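These notes concern the structure reproduced below.
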Amino acid sequence: MGKLKKTVVWVIAAALLGGLVYGVTWVGDAPVSAEISTEAKGRFVGLTDGSKQIKVSYDGTEKTYPLTADVWVYRNLQKAAITDLKPGDSLDIILNSKNQAAYIKAAAPEQTAAPQSPAPPAAEPNAAAAQGSGASQGPAAPASSGSKATVPPAGPAPTPAASTSASADRAFAAESAKPAANGSWPWERLSLELKSRELALKVKQEQTDKGDEADVYIQTKDRAVVHLNGAQAEQLLLLLMQGLPSEKDAWEKALKQRLAAQFKLKDDSPDWKIDVKWKDDAKFVRTPPVQAGKPEFNGHGADKEHGKGKNKEKEKEKEKEKEKAKNRDKHDDENDD
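Going by the numbering used here, the first residue of the sequence shown is number 1, and it counts up by one from there.
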């Protein structure tokens, strides 16, 4: 009898331990072969149900999508909150496997966008380098007509060592701030994996003979999946990596911090795997600039609901063409008789 009790206790303990391990490591079995996420387009109308749903208008119709608890929003290429959206904003919405709006890329209407004023001429030849290193400069006050320019008093002449150090710092800042050559990535291949109790993230980006290929897979704790590839994944990577340091070690550290912050990870010790095959000439991390234009999404079943009307119209046109062809053939047969 005592042996039976011990056996039962061990079985229960093993079951509890197995459940605990499963809860911690469930993200490790994420199926990479998941279908590409669907996408919907439209203009922002408003939030409903206590900001738990988003209402979008498209081609004269309105549709409502449920929002994930931590919906990811970019507005005008900047990280934003769902409450920052304005009526009339054009939206690209990525739906997760539970048909919830998980990722929203918004752009303000062109007619409401403020025109950009021309940048004032640089007062010093090293202004660009200073700006690249994070220093902000205000525009110089215009001199009144007919007055002579005020010459600042000359300071002490810099020592040769100080001058050399300053020149080296400016050269480093200018070199590292340059955009990527030909808009290309600084690596031949990037592989990134993040596993925690709350999230599984897998990122792959590489350059092949066919061009750049990218794939982003995100699975949250509730088993909802977002899977992007091609232009969608490229655009998301660009948004994620804009503004990161150009020095490689600092870049990797800052990337981890950004992902942890934007995905709101509470796990203090997530499992990271980052493998980068840098190009031979990649001295600094220079990512391509983020394009202001909206990318063309190619997700499986993209814009399913809103596309039904257009598909039906195309089918009707095809049917009409078939009927016309049948009538022509029938008319030709009658003439032959």
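The beta carbon of each residue, even a glycine, is placed where N, CA and C say it ideally should be.
All of these numbers come straight from a predicted model, not from anything done at the bench.
Legend entry - Neighbourhood of residue 248 by C-beta, 7 Å cutoff - its chain only, sequence neighbours within 5 removed: Locating residue 248 in the sequence shown gives position 248, where the first residue counts as 1. Exclusion of the five residues before and after residue 248 leaves 285 as the residues of its chain whose Cβ lies within less than 7 Å of its Cβ.
Inset, instruction - May I ask you to list the residues that DSSP assigns as paired with residue 38? - result: Taking the first residue of the sequence shown as 1, we reach residue 38 at position 38. Looking at the DSSP assignment, residue 38 forms no beta bridge with any residue, so it has no partner.
Legend entry - Inter-residue Cα distance where the pair is residue 193 and residue 321: Position 193 of the sequence shown, counted from the first residue, corresponds to residue 193. Position 321 of the sequence shown, counted from the first residue, corresponds to residue 321. A direct Cα-Cα distance of roughly 52 Å separates residue 193 from residue 321.
Inset, instruction - Return helix, strand or coil for residue 258, following the three-state DSSP convention. - result: The residue labelled residue 258 in the question sits at position 258 within the sequence shown. Note: residue 258 maps to helix in three-state DSSP.
Inset, instruction - Label residue 87 either buried or exposed according to how many other C-beta atoms from any shown protein chain fall within 10 Å of its C-beta, with 16 as the threshold for buried. - result: Translated into positions along the sequence shown, residue 87 becomes position 87. Its Cβ having fewer than 16 others within 10 Å, residue 87 is exposed.
Inset, instruction - Take residue 79 as the anchor and find which of 246, 106, 323, 224 has the nearest alpha-carbon. - result: Looking up residue 79 in the sequence shown gives position 79. Checking every option, the nearest Cα to that of residue 79 belongs to 106.
Legend entry - Short Cβ contact (8 Å threshold) for residue 44 with residue 95: On the sequence shown, residue 44 is found 44 positions in, with the first residue counted as 1. On the sequence shown, residue 95 is found 95 positions in, with the first residue counted as 1. Taking 8 Å as the cut-off, the Cβ atoms of residue 44 and residue 95 do not count as close.
Inset, instruction - Enumerate in chain order the residues of its own chain whose CB-to-CB distance from residue 57 is below 6 Å, with the five nearest sequence positions on each side excluded. - result: On the sequence shown, residue 57 is found 57 positions in, with the first residue counted as 1. By the criterion of a C-beta distance shorter than 6 Å, residue 57 is surrounded in its chain by 42, 43, 45, once the five residues flanking it on both sides are discounted.
Inset, instruction - Determine the direct distance from the alpha carbon of residue 278 to that of residue 101, and round the result to whole angstroms. - result: What you label residue 101 is simply residue 101 of the sequence shown in a count that begins at 1. What you label residue 278 is simply residue 278 of the sequence shown in a count that begins at 1. Residue 101 and residue 278: Cα-Cα distance of roughly 35 Å.
Inset, instruction - Ignore the nearest five residues each way along the sequence and tell me which others in residue 72's own chain have a CB closer than 8 Å to its CB. - result: Numbered from its first residue, the sequence shown carries residue 72 at position 72. The answer, listed in chain order, is 102, 103, 104, 262.
Inset, instruction - Note down the Cα distance separating residue 40 from residue 54, rounded to an integer number of angstroms. - result: Here residue 40 refers to the residue found at position 40 when the sequence shown is read from its first residue. Here residue 54 refers to the residue found at position 54 when the sequence shown is read from its first residue. Taking the straight line joining both Cα atoms gives about 12 Å.
Inset, instruction - Run through the stretch 43–113 for me and flag every whole beta strand (DSSP E) of 3 or more residues, listed as ranges in chain order. - result: Counting only runs of 3 or more, we get 53–58, 61–75, 78–80, 90–95, 101–107.
Legend entry - Own chain partners of residue 179 with C-beta closer than 8 Å, once the 5 adjacent residues on each side are dropped: Counting from 1 along the sequence shown, the entry for residue 179 is found at position 179. In this prediction, residue 179 scores a pLDDT of 41, lower than 50, which makes its location untrustworthy; the coordinate-derived value is nonetheless stated afterwards. Around residue 179: 286, 288, 289.
Inset, instruction - Using 10 angstroms around the beta-carbon of residue 109, count the other beta-carbons present and answer buried if the total reaches 16, otherwise exposed. - result: Start at 1 with the first residue of the sequence shown, and residue 109 comes out as number 109. Counting Cβ neighbours within 10 Å, residue 109 comes out exposed, since fewer than 16 surround it.
Inset, instruction - Would you decide whether residue 89 is buried or exposed? Buried here means 16 or more other CB atoms lie within 10 Å of its CB. - result: Within the sequence shown, residue 89 is the residue found at index 89, counting from 1. Around the C-beta of residue 89, 16 or more other C-beta atoms lie within 10 Å, and the residue is accordingly described as buried.
Inset, instruction - Can you tell me which of 219, 267, 185, 222 puts its alpha carbon nearest to the alpha carbon of residue 347? - result: Since the displayed the chain opens at 1 and closes at 337, residue 347 lies outside it and no answer follows.
Legend entry - For residue 12 and residue 61, the rounded distance between their alpha carbons: Position 61 of the sequence shown, counted from the first residue, corresponds to residue 61. Position 12 of the sequence shown, counted from the first residue, corresponds to residue 12. Looking at the two C-alpha atoms, the distance is approximately 55 Å.
Inset, instruction - Classify residue 243 as helix, strand or coil using the three-state DSSP reduction. - result: Working through the sequence shown from its first residue, we reach residue 243 at position 243. Residue 243 carries a coil assignment under DSSP once its states are collapsed to helix, strand and coil.
Legend entry - C-beta contact flag for residue 267 and residue 191 at 8 Å: Your numbering for residue 267 matches position 267 in the sequence shown. Your numbering for residue 191 matches position 191 in the sequence shown. Taking 8 Å as the Cβ cut-off, residue 267 and residue 191 do not qualify as a contacting pair.
Legend entry - CA-to-CA distance, residue 76 to residue 188, given in whole angstroms: Numbered from its first residue, the sequence shown carries residue 188 at position 188. Numbered from its first residue, the sequence shown carries residue 76 at position 76. C-alpha separation (whole angstroms): 29 Å.
Inset, instruction - Could you tell me which of 207, 206, 239, 198 sits nearest to residue 222, measuring between CA atoms? - result: One-based indexing of the sequence shown puts residue 222 at position 222. Checking every option, the nearest Cα to that of residue 222 belongs to 198.
Legend entry - Neighbour-count burial assignment, residue 220, 16 or more Cβ in a 10 Å radius: By one-based count along the sequence shown, residue 220 stands at place 220. With at least 16 other beta carbons inside 10 angstroms of its own, residue 220 counts as buried.
Inset, instruction - Can you say whether residue 257 is buried or exposed, counting buried as having 16 or more other CB atoms within 10 angstroms of its CB? - result: Stepping through the sequence shown from its first residue, residue 257 is reached at position 257. When all chains shown are included, residue 257 counts as exposed.
Legend entry - Cβ-based neighbour list, residue 234, same chain, cut-off 7 Å, excluding 5 preceding and 5 following: For the purposes of this step, residue 234 is identified with residue 234 of the sequence shown, where counting begins at 1. Hits under 7 Å: 212, 214.
Legend entry - Chain-order list of residues whose beta-carbon lies under 6 Å from that of residue 203 (same chain, five-residue window excluded): Position 203 of the sequence shown, counted from the start, is the residue given in the question as residue 203. Same-chain partners within the cutoff: 192, 216.
Legend entry - Limits of the unbroken beta strand (DSSP E) element including residue 212: As a working mapping, residue 212 is identified with position 212 in the sequence shown. Per DSSP, the unbroken beta strand (DSSP E) holding residue 212 starts and ends at 211–220.
Legend entry - Cβ neighbour criterion (16 or more within 10 Å) applied to residue 291: Here residue 291 refers to the residue found at position 291 when the sequence shown is read from its first residue. Residue 291 comes out exposed.
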